[in-house]
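Colleague: Before anything else, here's the structure in question.
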Amino acid sequence: MEAFRRALPRVCLLSVGTEPASSGSSATVRVAATADIHIREANRDQVTAAFEQAGAEANLMLLAGDLTTHGEPEQAALLAEACSRFEAPVIAVLGNHDHHSGRARELTAELENGGIRVLDREAVALDVDGVELGIVGAKGFVGGFSGSHLPDFGEPLLREVYRETGHEVEAIERGLREVAHCPVRIVLLHYSPVAETLQGEPEGIWTMLGSSRLADPIREQEPDLVLHGHAHAGTFQGAIGETPVHNVSVTVMKRDFWVFELPVRRHATPPIH
Ligand SMILES: [Mn+2]
């Protein structure tokens, strides 16, 4: 697991990249996204400054896991404090680092005390400046991609790993159905559903970085955006069918946040009689 211990990301003072809005769209919602912040005492001031700036620019903040370095609730409290200084809602999923101390429940409580909504295999619909956004949040899990699939075969422990990924896939599928009515739908993961955004990582560890099984409900239900982290040396942009997939790990973006301007499909104005 040496790969996961290498080079903890340096959160440097912010530049916020922006995805240009589609021309002709009458409304957009600004979503600031990041992953693999790994907050700890040593970087809390930089993280806090970055969050304040992005929080002032965006309608919504999405955090794609590995919020802490070792999964200690005290580290989560630092992030909760950083998120208390702006009004934009913050929605997060946990990553593998957030589970490392076996205290994910306490850690989640700290985050939620600070107003951060943690999604664990669930969906939420929220009104952001008059637009109903559907967010499906799941950590995702391992399993690999074409040529490196973990099969549902053999020792019970390995089959349990396979099954665990299956639970994540089911949650994404169910969550997308629950927010099908929302004009903007986003899937927030930690592990990757595509190999494309892992390009740059050694292929030998791709099985541990995500699973193509996570992509099945996304391909079928076509949300507007999929975000993940975890692959620190991966690639920013990928796709599942028509749905853009972005690896928003801070080390991939080379900045603290990316602000996506998502066009909003509004219902046509009814005729006046
Ligand atoms: Mn990770």
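Taking our numbering, I'd label the letters of the sequence shown as residues 600 to 872.
All C-beta atoms, glycine included, are put in the ideal place defined by N, C-alpha and C.
1. Would you say the beta carbon of N846 comes nearer than 7 Å to a heavy atom of ligand 1?
2. Which class does G809 belong to by DSSP, given the choice of helix, strand or coil?
3. Could you tell me whether the Cβ atoms of D665 and N695 are closer together than 8 Å?
4. Check whether the Cβ atoms of P822 and V786 lie closer than 8 Å to each other.
5. Would you kindly check if the distance between the Cβ of L824 and the Cβ of F859 is under 8 Å?
6. Can you have a look at F650 and say buried or exposed, based on whether 16 or more other CB atoms are within 10 angstroms of its CB?
7. If you measure from each CB to the nearest heavy atom of ligand 2 and keep those under 7 Å, what residues do you get, in chain order?
8. Might you give, ordered along the chain, the residues of its own chain that have their beta carbon closer than 6 Å to the beta carbon of G733, omitting 5 neighbours on each side?
9. Taking all protein chains shown into account, decide if N658 is buried (16 or more other Cβ within 10 angstroms of its Cβ) or exposed.
10. With 16 as the cutoff for other CB atoms within 10 Å, does A634 come out buried or exposed?
11. Counting Cβ pairs closer than 8 Å, one from the stretch 709-726 and one from the stretch 752-765, do we hit at least three?
12. Does DSSP put W857 in a helix, a strand or coil?
13. On the three-state DSSP scale, how would you describe S683?
14. Run the CB neighbour count on R629, radius 10 Å, all protein chains shown included, and call it buried at 16 or more, exposed below.
15. For G729 versus H698, is the C-beta distance shorter than 8 Å?
16. If you follow the alpha helix (DSSP H) that Q652 is part of, which residue opens it and which one closes it?
17. So the candidates are F740, K853, L706, L797; which of them puts its Cα closest to the Cα of L788?
18. Distance check for G840 and R818, CA to CA, integer angstroms please.
19. Return the CA-CA distance between F835 and L718, expressed in angstroms with no decimal places.
20. If you measure between the beta carbons of A679 and L710, is that distance less than 8 Å?
21. Within its chain, find whatever has a CB closer than 8 Å to the CB of R702; leave out the 5 residues flanking it on each side and keep chain order.
22. For T668, which of helix, strand or coil comes out of DSSP?
23. Put E673 into one of helix, strand or coil per three-state DSSP.
24. Can you tell me the Cα-Cα spacing of L756 and A691, whole angstroms?
25. Which residues does DSSP list as the beta-bridge partners of R716?
26. Run through DSSP, which three-state label would A620 get?
Modeller: Let me lay it out:
1. no
2. strand
3. yes
4. yes
5. yes
6. buried
7. Ligand 2 is not part of the structure shown, which contains ligand 1 as its ligands.
8. A724, V778, C781, R784
9. buried
10. buried
11. no
12. strand
13. helix
14. buried
15. no
16. 643-656
17. F740
18. 6 Å
19. 23 Å
20. yes
21. G670, E671, P672
22. coil
23. helix
24. 29 Å
25. I690
26. At A620, the pLDDT of 43 sits below 50, so the modelled position is not reliable and the matter cannot be decided from this model.
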